[in-house]
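What follows is a single structure, written as structure tokens, with notes after it.
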Amino acid sequence: MAARVLRAGGAASGGGFLWRAAPCSLLPGLRKLASSNNRLREESWLKSLFVRKVDPRKDAHSNLLAKKETSSLYKLQFHNVKPECLEAYNKICQEVLPKIHEDKHYPCTLVGTWNTWYGEQDQAVHLWRYEGGYPALTEVMNKLKENQEFSRFRKERSNMLLSRKNQLLLEFSFWNEPVPRSGPNIYELRSYQLRPGTMIEWGNYWARAIRFRQDGNEAVGGFFSQIGELYMVHHLWAYKDLQTREDIRNAAWHKHGWEELVYYTGNILIGLKHFIPLISLIFMLSSIYVIRYSVQILVFCKFYIITFVHFYIL
């Protein structure tokens, strides 16, 4: 904004006299500017009550938002399977993946594996955890290259797939780490596509908002992407059933502050997506869960994915 100095013309200018501004010219503009500044200050004050400010320029997102006490890295895989091959795909996954999960020489854990049911049809989703970060990921990849059974598995699997993609993720520091739970439960995975440069803002909002969603111990884990599709956030929830999910989510709207979270986070999202998968197997840490019945919803319109999992513990 430019500042203007009004001085008298002619001989008076040498004396440094200033003319008084006409009320109809300058003051209305000042009033508008002051009113605008007041509104900005009020909005800034309101937002300061709700979020903890972090300067995104001081460090990388991975250092500001990830857990310091652990060095776990996650990999989320999406496999689009040929419809006629889905049953065979599930069979070879059940034969091979648990062996890697249980082998102590592989520093990795199969947290969950799913098949889509409605929405994105014939899709498998796998979530792996690597205890030790990138070095653990590299170690597992190198060992799998020497694993003859896994090599045969990959070759056979490749004939069953239409396409595949993956992401490498880190955990948010304010979320729980996924652990085994008594069931049956429904698991919900929400995946959000953020606007570039807003990851810190998202973390600030949810570091406070997570307390609104802990009454039923439904928060399982929260992750953000590092490699692959960037500016992605994944929230994993667990509910007893669909009705419990609806009750808990409706109850959040009666808590002061939740509506502000929805309002402000909505401004930094760019998409929404819905699917309904059927999950065949799920692994949580060292415990193995086999899915007997399942329902999953993955929501997409521009921003996020919703996943429900109904499982029984063996």
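Residues 532 to 845 (the numbering used here) make up the sequence shown, in order. Where is the CB? At the ideal position from N, CA and C, for every residue including glycine. The model shown is predicted, which means the values in this text are computed figures rather than measured ones.
Please name the residue or residues paired with residue i in a DSSP beta bridge.
i, result
"Gly752", "Leu767"
"Lys622", "Note: Lys622 sits in no beta bridge, so no partner."
"Asp635", "A quick correction: the sequence has Lys, not Asp, at residue 635. Note: Lys635 sits in no beta bridge, so no partner."
"Leu720", "Leu767"
"Tyr661", "Leu604, Cys639"
"Arg713", "Just to set this straight, residue 713 is Ser in the shown sequence, not Arg. None; Ser713 has no bridge partner."
"Ser704", "DSSP output for Ser704 lists no bridge partner at all."
"Asn611", "Gln654, Ser694"
"Leu675", "In the DSSP output, where bridge partners are listed per residue, Leu675 has none listed."
"Thr729", "For Thr729, which the question treats as bridged, DSSP gives no partner whatsoever."
"Leu699", "Lys606, Ile758"
Can you give me the C-alpha to C-alpha distance between residue i and residue j, rounded to a whole angstrom?
i, j, result
"Glu680", "Lys674", "12 Å"
"Leu792", "Arg742", "12 Å"
"Tyr794", "His657", "32 Å"
"Met763", "Val627", "29 Å"
"Asp772", "Arg744", "16 Å"
"Arg780", "Trp789", "11 Å"
"Ile916", "Tyr770", "Absent from the model: residue 916. The displayed extent of the chain is 532 to 845, so no value can be given."
"Ile731", "Glu777", "29 Å"
"Trp733", "Thr669", "30 Å"
"Lys630", "Ser713", "23 Å"
"Tyr605", "Asp746", "26 Å"
"Arg685", "Glu651", "23 Å"
"Thr729", "Thr647", "30 Å"
"Ala782", "Trp645", "29 Å"
"Gly759", "Trp784", "34 Å"
"Glu687", "Asn707", "36 Å"
Using C-beta distances below 7 Å, list every residue in its chain close to residue i, excluding the 5 sequence neighbours before and after it, in chain order.
i, result
"Ser602", "Gly663, Gly664"
"Asn748", "none"
"Arg683", "none"
Kindly list the residues whose CB is nearer than 6 Å to the CB of residue i, restricted to its own chain and excluding five residues on each side of it in sequence; keep chain order.
i, result
"Cys639", "Trp659, Tyr661, Val671"
"His610", "Ala655, Leu692, Arg695"
"Tyr620", "Val612, Met691"
"Leu617", "Asp653"
"Phe705", "Ala738, Ile741"
"Lys578", "In this prediction, Lys578 has a pLDDT of 49, which is less than 50 and means its spatial position is unreliable; what the coordinates show is noted afterwards. No residues qualify anywhere along the chain."
Compare the C-alpha of residue i against each of the options and name the closest.
i, options, result
"Thr775", "Pro715, Trp789, Met730, Thr669", "Pro715"
"Ala667", "Lys635, Arg685, Arg721", "Lys635"
"Glu719", "Val710, His766, Leu761, Ala783", "His766"
"Leu607", "Pro629, Gly643, Glu618", "Gly643"
"Ser689", "Glu790, Asp778, Ile623, Ala769", "Ile623"
"Glu677", "Arg721, Trp645, Tyr637", "Tyr637"
"Gly797", "Tyr723, Tyr770, Glu760", "Tyr723"
"Asn697", "Ile731, Trp784, Leu761", "Leu761"
"Arg721", "Trp784, Trp768, Glu651, Ala783", "Trp768"
"Pro709", "Trp645, Pro629, Val751, Gly759", "Val751"
Go through its chain and collect everything with a Cβ distance to residue i's Cβ below 8 Å, but skip five positions before and after it.
i, result
"Lys489", "Given a span of 532 to 845 for the chain in the structure shown, any question on residue 489 remains unanswerable."
Legend entry - the stretch 748-760 touching the stretch 690-707, judged by at least three CB pairs closer than 8 Å: yes
Legend entry - Touch test, the stretch 730-749 against the stretch 613-625, Cβ-Cβ under 8 Å, three pairs minimum: no
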